[in-house]
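Worksheet: the structure to be examined is printed underneath.
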Amino acid sequence: MKDVHTEDAGQFYYHVPWPVAVIAVRWEGKDNAMAAAWHAPISFDPPLYGVSISPKRHTYDLIDKAREFTANFLPLGAAEAIAAVGGSTGRELDKFAEFDLGRDHPLVVGSPILSAAYAAYECVLHDARTYGDHRWFVGRIVAVHYTSRLQAPDGTTDPQAAEPSLYLGAEMYATVAGMTKRHLDRKVYGARRKTG
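Here UniProt numbering is used: the first residue of the sequence shown is 1, the next is one more, and so on.
Structure follows, in structure tokens:
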């Protein structure tokens, strides 16, 4: 039961853990990457993915110019790389060289896919709108990369095998351990009614 009630949102880390995405972009032959905790799928048809980025970030300007980006999902074993790209600016250094970030070749866009990622989406910019102090960049997913051995038979990512980097807020990272996976059919549960 909740025991704190306040109108001060603060940093609002209360909904986390949340998977971290490393957003990568190439502009004029240079690659950049940043860590993003505020991102989400938006639509299946068309396949859209969004990420919220502060105008203070170098990646913000690069996506505006390149009109594309990739969203890369890394395991907890790569959390140091996530923190490094999140705690530095591409205006001052080449993050791929400085932090030894490996690249895989994209299929459609020019922006890089991180080699350490267990899954990645190539996105072409579909829309961008400012909300408060961040801009919501919406990409149409034009290609998907994933590690098949980390997929469960039902097509979902096996969190025990992938060990996704989850952001807890306040510079803390974790992954799932000993997680119980349950299939709960929404239609079955949605049809249930309280009896008696």
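Here a beta-carbon is modelled for each residue, glycine too, at the ideal position from N, C-alpha and C.
Residue i to residue j, Cα distance in whole Å?
i: residue 62; j: residue 135; result: 13 Å
i: residue 108; j: residue 145; result: 11 Å
i: residue 161; j: residue 80; result: 19 Å
i: residue 44; j: residue 100; result: 34 Å
i: residue 76; j: residue 131; result: 30 Å
i: residue 106; j: residue 49; result: 17 Å
i: residue 178; j: residue 147; result: 21 Å
i: residue 85; j: residue 185; result: 39 Å
i: residue 119; j: residue 110; result: 17 Å
i: residue 129; j: residue 19; result: 23 Å
i: residue 21; j: residue 127; result: 19 Å
i: residue 156; j: residue 104; result: 23 Å
i: residue 122; j: residue 168; result: 26 Å
i: residue 180; j: residue 149; result: 19 Å
i: residue 173; j: residue 53; result: 20 Å
i: residue 29; j: residue 88; result: 20 Å
i: residue 138; j: residue 66; result: 13 Å
i: residue 114; j: residue 188; result: 39 Å
i: residue 95; j: residue 151; result: 30 Å
Where does residue i fall in DSSP's three states?
i: residue 167; result: strand
i: residue 52; result: strand
i: residue 102; result: coil
i: residue 37; result: coil
i: residue 134; result: strand
i: residue 115; result: coil
i: residue 2; result: coil
i: residue 142; result: strand
i: residue 97; result: helix
Which first and last residues belong to the beta strand (DSSP E) in which residue i is found?
i: residue 125; result: 119-131
i: residue 24; result: 21-27
i: residue 66; result: Looking at the DSSP string, residue 66 is not in any beta strand (DSSP E); the run it does join, the alpha helix (DSSP H), is 58-66.
i: residue 174; result: 172-174
Thinking C-alpha only, which one of the options is nearest residue i?
i: residue 72; options: 51, 188, 91 and 66; result: 51
i: residue 56; options: 43, 7, 90 and 158; result: 90
i: residue 171; options: 124, 93, 7 and 36; result: 36
i: residue 26; options: 129, 10, 70 and 41; result: 70
i: residue 165; options: 84, 115, 17 and 142; result: 17
i: residue 33; options: 47, 8, 83 and 1; result: 83
i: residue 124; options: 153, 113, 116 and 143; result: 143
i: residue 140; options: 58, 78 and 47; result: 47
i: residue 176; options: 188, 59 and 159; result: 159
i: residue 112; options: 58, 1, 23 and 153; result: 23
i: residue 93; options: 117, 38, 188 and 59; result: 59
Grab the span of the alpha helix (DSSP H) containing residue i for me, first residue to last.
i: residue 80; result: 79-86
i: residue 161; result: 159-162
i: residue 190; result: 186-191
Closer than 7 Å: is that where the CB of residue i sits relative to any heavy atom of the ligand GTP?
i: residue 66; result: This structure does not include the ligand GTP; it has no bound ligands of any sort.
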